[in-house]
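Under the numbering used here, the letters of the sequence shown match residues 73 to 358, in that order. Each residue gets a CB set at the ideal place from its N, CA and C atoms; glycine is no exception.
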Amino acid sequence: MAEKDLDIAALEKKLAELSGIEVDQIKKNQLANASSEARAIREMAEYVDGIQVKQAGQAVSGQVNPQVAAMFAYIKAELGEERGAHSLPPLQYDYGALEPHISATIMQIHHTKHHQGYINNLKAASEKLVEAEKASDIAAMNSLLPAIKFNGGGHLNHTIFWTNMAPNAGGEPTGAIAEAIKKDYGSFQSFKEKFSGASVGVKGSGWGWLGYCPKDDKVAIATCQNQDPLQITHGLVPLLGLDVWEHAYYLQYKNLRADYVKAFFNVINWANVNQRYEAARKAAGH
């Protein structure tokens, strides 16, 4: 077995089940509730599989949670995908292109294993949703919401994350997003400190975000737990996302999340962030 394959196998095992020693390390770094993404994906697949759709005529009437439709709408807006027709978006750079800041092995596993896992589960949840709709089983539809948010959020968040990074990038932003950051945070350095602090401080697993508030015409820093989508959670349009689940950095940075967050600033694709910001402002009528 090649050395890279051995590394991948070792990390997959680590992601599947954290040892007691690793849990102690995580607790020391304010990650007391961190869990394996591989395990979370597997458990969500089992959750979807366990939902029983009632026969037509037996289902209880009610209202479908609007977040079900919203999740698929946000995915379509980002990827152009219809509900259930989800696939792994290709990266615009090689797995090793972000080195030395993010290793090729981490990028390969993150993209082909974890992101693909969310897609697989989202497609399964979509199929179960169709079955529930045909039976008019509102309860089953709403029972699928956690799976749709978790896996749909995982698909959406990672898609944005990949485009937010690029080789030979980083530095300070220019253009409209630079002006917005200066207006709302005083300086880029002030924004960098606040964004870094928020991302490092996420309890357990989740994301750090820079988003756009259409109502106030401002940019804002926010965090989300697990794979909760930024728009559903905070009403902000995602501009820049940082994955702080352990799988995103543990092989390279061990339990030093702050070092990973610092390294992330060397690969930020500010042109992509600026494009997202300008599109969001235009859509909001500003």
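With 16 as the cutoff for other CB atoms within 10 Å, does residue i come out buried or exposed?
{"i": "Asn240", "result": "exposed"}
{"i": "Trp342", "result": "buried"}
{"i": "Pro218", "result": "exposed"}
{"i": "Pro138", "result": "exposed"}
{"i": "Val291", "result": "buried"}
{"i": "Ala352", "result": "buried"}
{"i": "Gly152", "result": "exposed"}
{"i": "Gln299", "result": "buried"}
For the beta strand (DSSP E) that residue i lies in, which residues bound it at each end?
{"i": "Lys185", "result": "Element bounds for Lys185: n/a, residue is neither H nor E."}
{"i": "Val333", "result": "Val333 -> not in any beta strand (DSSP E); alpha helix (DSSP H) instead, spanning Arg329 to Phe336."}
{"i": "Leu282", "result": "Gly278 to Cys285"}
{"i": "Thr246", "result": "From DSSP, Thr246 is part of no beta strand (DSSP E); its letter is neither H nor E."}
{"i": "Val309", "result": "Val309 to Asp315"}
What's the gap between the Cα of residue i and the Cα of residue j?
{"i": "Lys148", "j": "Glu154", "result": "6 Å"}
{"i": "Lys206", "j": "Thr184", "result": "33 Å"}
{"i": "Ser157", "j": "Lys195", "result": "Here the sequence assigns Ala to residue 157, which means Ser is not the residue at that position. If I take the Cα positions, the gap works out to 7 Å."}
{"i": "Tyr321", "j": "Val272", "result": "12 Å"}
{"i": "Leu228", "j": "Gly258", "result": "30 Å"}
{"i": "Lys221", "j": "Pro162", "result": "22 Å"}
{"i": "Ile80", "j": "Met179", "result": "Reliability fails at Ile80, whose pLDDT of 48 lies under 50, so the model's placement of it is uncertain and no value is given."}
{"i": "Tyr332", "j": "Ile181", "result": "17 Å"}
{"i": "Val140", "j": "Tyr146", "result": "10 Å"}
{"i": "Asp256", "j": "Ala204", "result": "45 Å"}
{"i": "Gly278", "j": "Ser208", "result": "34 Å"}
{"i": "Arg329", "j": "Gly313", "result": "15 Å"}
{"i": "Phe260", "j": "Ala270", "result": "15 Å"}
{"i": "Glu244", "j": "Glu150", "result": "25 Å"}
Kindly list the residues whose CB is nearer than 8 Å to the CB of residue i, restricted to its own chain and excluding five residues on each side of it in sequence; keep chain order.
{"i": "Gly134", "result": "Ile210, Ala211 and Asn214"}
{"i": "Val339", "result": "Leu170, His173, Ile174, Met237, Ala238, Pro239, Ala241 and Gly242"}
{"i": "Asn344", "result": "Thr235, Asn236 and Ala238"}
{"i": "Glu199", "result": "Gly156"}
{"i": "Tyr349", "result": "Ala248, Ile249, Ala252, Tyr284, Val291 and Leu311"}
{"i": "Lys334", "result": "Ser268"}
Excluding the 5 residues flanking residue i on each side, which residues of the same chain have their C-beta closer than 6 Å to its C-beta?
{"i": "Gly247", "result": "Asn346"}
{"i": "Pro286", "result": "Ala356"}
{"i": "Asp289", "result": "His358"}
{"i": "His230", "result": "His187"}
{"i": "Val274", "result": "Thr295 and Val316"}
{"i": "Gly226", "result": "Tyr190 and Gln299"}
In chain order, what residues of the same chain have a beta carbon less than 7 Å from the beta carbon of residue i, not counting five sequence neighbours either side?
{"i": "Glu94", "result": "The predicted model places Glu94 with a pLDDT of 37, which falls under 50 and marks its position as unreliable; any figure quoted below should be read in that light. Nothing meets the Cβ criterion."}
{"i": "Asn223", "result": "Met116, Tyr190, Asn193, Leu194 and Ala197"}
{"i": "Leu302", "result": "Trp281, Gly283, Ala294, Cys296, Leu308 and Pro310"}
{"i": "Ala176", "result": "Tyr167 and Gly168"}
{"i": "His306", "result": "Gly283 and Ala294"}
{"i": "Phe337", "result": "Gly242 and Lys264"}
Under a CB-based cut-off of 8 Å, is residue i close to chain D?
{"i": "Leu323", "result": "In summary, chain D is missing from the structure at hand, where a single protein chain is found."}
Which two residues bound the contiguous alpha helix (DSSP H) that contains residue i?
{"i": "Trp366", "result": "Because residue 366 is not part of the residues shown, which for the chain are 73 to 358, the question remains open."}
{"i": "Ile293", "result": "Premise fails: Ile293 lies in the beta strand (DSSP E), Lys290 to Gln297, not in any alpha helix (DSSP H)."}
{"i": "Lys148", "result": "Pro138 to Leu151"}
{"i": "Val274", "result": "That residue, Val274, is in no alpha helix (DSSP H); it is neither H nor E in DSSP."}
{"i": "His227", "result": "Leu217 to Thr235"}
Is the region 321 to 331 in contact with the region 248 to 267, if contact means three or more CB pairs nearer than 8 Å? no
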